[in-house]
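Beneath this line is the structure, given in structure tokens, with notes to follow.
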Amino acid sequence: MSLETKPKKETDVDTYKLPWVEKYRPRVLDDVVGNNEAIERLTAIAKSGNMPNLILTGSPGIGKTTSIHCLARALIGESQLKNALLELNASDERGIDVVRSRIKQFAMKKVSLPAGITKIVILDEADSMTPGAQQALRRIMEIYSNTTRFALACNLSSKIIEPIQSRCAIMRFGKLRDEEVLKRLIVIAKKENVKYTSEGLNALLFSADGDMRQAINNLQSTWLSLPDDRDRLVTADGVFKVCDSPHPQVVMKIIGFCNVHQFDDAAKELKMLYSSGYSAIDIITTFFRVVRDFGVFNNGGGYGAGGDNSGANSSMMTISEGKKLDYLREIGITHMRVVEGVQTLIQLNGLISKLCKIGM
Ligand SMILES: Nc1ncnc2c1ncn2[C@@H]1O[C@H](COP(=O)(O)OP(=O)(O)O)[C@@H](O)[C@H]1O
Ligand SMILES: [Mg+2]
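In terms of the numbering used here, the sequence shown opens at residue 21 and continues consecutively.
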């Protein structure tokens with residue numbers, strides 16, 4: 021498996037400064053992990069040499085942009101990539117005028133390509149294009165379909181206008197599984213000589229929640245945050261410090277108190293967490309993930325000590341499946357309020373009071 025982006029020279033300084041997400045961005049479809057069905061379809065397209073207009077949709081950091089690039093490279097070939105590929109992402113101006121001028125110009129341009137191969141326009145984060153610009157795009161897609169095909173990447177396919185959706189093959193990308201992210205992290209850690217504990221890796225998986233870009237970035241920033249000495253080691257505490265998200269062990273403890281109906285203790289811990297500066301959204305998201313992963317968490321897949329775990333006992337840490345579902349429901353309701361803008365400690369207290377009452 022060729023993992024690294026090809027350095028121009030082994031000694032090229034720039035490759036050392038590259039963020040690891042770029043350095044280890046897959047160059048061929050075979051190296052993109054997860055979403056096997058979508059990747060197989062893309063591989064088949066690469067083999068057939070005939071690319072339909074495409075929409076790749078799904079959450080961030082799971083390989084949509086990477087896959088499109090791999091496909092384009094496979095179809096067009098490295099040497100013609102510069103001439104036959106136009107990429108516009110959200111930071112580029114992509115209003116109606118640009119669609120009419122730049123994309124149209126590119127679509128009209130003559131490039132010598134093998135028979136059957138078309139030029140490709142990549143529109144990254146296409147869901148941020150205005151409906152007007154999308155309408156203009158639709159016309160161009162139609163008129164130049166003999167010579168130019170489009171690949172759109174987006175988080176929400178519903179933000180792409182219907183007429184474009186119906187002209188495209190839609191491929192849905194799901195979040196990556198923890199095993200898939202883990203495997204890649206280990207490979208990268210080895211290449212970069214990063215030492216880690218298994219709790220450290222678990223912490224990376226927990227905070228990334230299926231987002232490979234975030235997992236790799238967090239690995240690198242945690243590593244860079246550590247002093248360069250013999251003890252340098254990626255641990256769970258190190259990861260949560262860098263990710264700046266509440267330590268799940270602390271949230272665990274709060275839930276443990278709720279489990280045995282000790283509201284005062286739960287509220288005290290919660291207040292401490294809140295006053296250390298975490299936003300209500302961060303806290304509630306961690307609540308959700310901790311409860312969702314409760315079984316995994318308790319069966320040795322832990323995230324490290326997280327400092328103080330005093331006052332916790334084993335009966336606090338066992339939750340029945342039914343109770344877990346009730347908890348998730350309440351967390352969901354509070355999440356909604358918090359997202360709507362009521363980000364106060366009172367809301368969070370309301371949540372733990374509800375959790376305390378469950379099973380009373
Ligand atoms: N499925 C994957 N396999 C391998 N690496 C991945 C995968 N998804 C994301 N990455 C890593 O994360 C980075 C960002 O991925 P990208 O394709 O830009 O995500 P998206 O477009 O879905 O937001 C890549 O450079 C790569 O290092
Ligand atoms: Mg992308």
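Note that the Cβ used here is the ideal one computed from N, Cα and C, for glycine as well.
{"Item": "Any heavy atom of ligand 2 nearer than 6 Å to the CB - residues listed", "Value": "K84, T85, D144, A173"}
{"Item": "Buried or exposed by the 16-neighbour rule on C-beta atoms within 10 Å, applied to P266", "Value": "buried"}
{"Item": "Three-state class that DSSP yields for V359 in the structure shown", "Value": "helix"}
{"Item": "Residues near L62 in its chain [Cβ-Cβ closer than 8 Å; skip 5 each side]", "Value": "L49, S87, C90, L91, M191"}
{"Item": "Proximity test, V53 beta-carbon vs ligand 1 heavy atom, cut-off 7 Å", "Value": "yes"}
{"Item": "C-alpha distance - P268 paired with Y216, whole-angstrom precision", "Value": "19 Å"}
{"Item": "Simplified DSSP state of Y216, which is helix, strand or coil", "Value": "strand"}
{"Item": "Rounded separation between P241 and C263 - CA only", "Value": "Sequence inspection shows Ser at residue 241; the Pro mentioned does not correspond to that position. Going by the C-alpha atoms only, they are around 9 Å apart."}
{"Item": "Enclosing alpha helix (DSSP H) for A92 [first to last residue]", "Value": "84-96"}
{"Item": "Ligand 1 heavy atom lying under 7 Å from the CB of G194", "Value": "no"}
{"Item": "Contact test: Y44 Cβ vs ligand 1 heavy atom, cutoff 7 Å", "Value": "yes"}
{"Item": "Integer-rounded CB distance, given that A66 should sit under 8 Å from A94", "Value": "4 Å"}
{"Item": "Distance cut-off 7 Å: I236 Cβ against heavy atoms of ligand 1", "Value": "yes"}
{"Item": "Inter-residue Cα distance where the pair is L375 and I353", "Value": "12 Å"}
{"Item": "Contact under 8 Å by Cβ, N443 with L293", "Value": "With the chain represented from 21 up to 380, any question about residue 443 goes unanswered, as that position is not in the structure."}
{"Item": "Element boundaries [alpha helix (DSSP H), containing C188]", "Value": "No alpha helix (DSSP H) holds C188; DSSP gives it neither H nor E."}
{"Item": "Rounded straight-line distance, which links the Cα of G83 to that of L205", "Value": "15 Å"}
{"Item": "Residue nearest to R158 in terms of C-alpha spacing, selected from P80, S186, L176, E42", "Value": "S186"}
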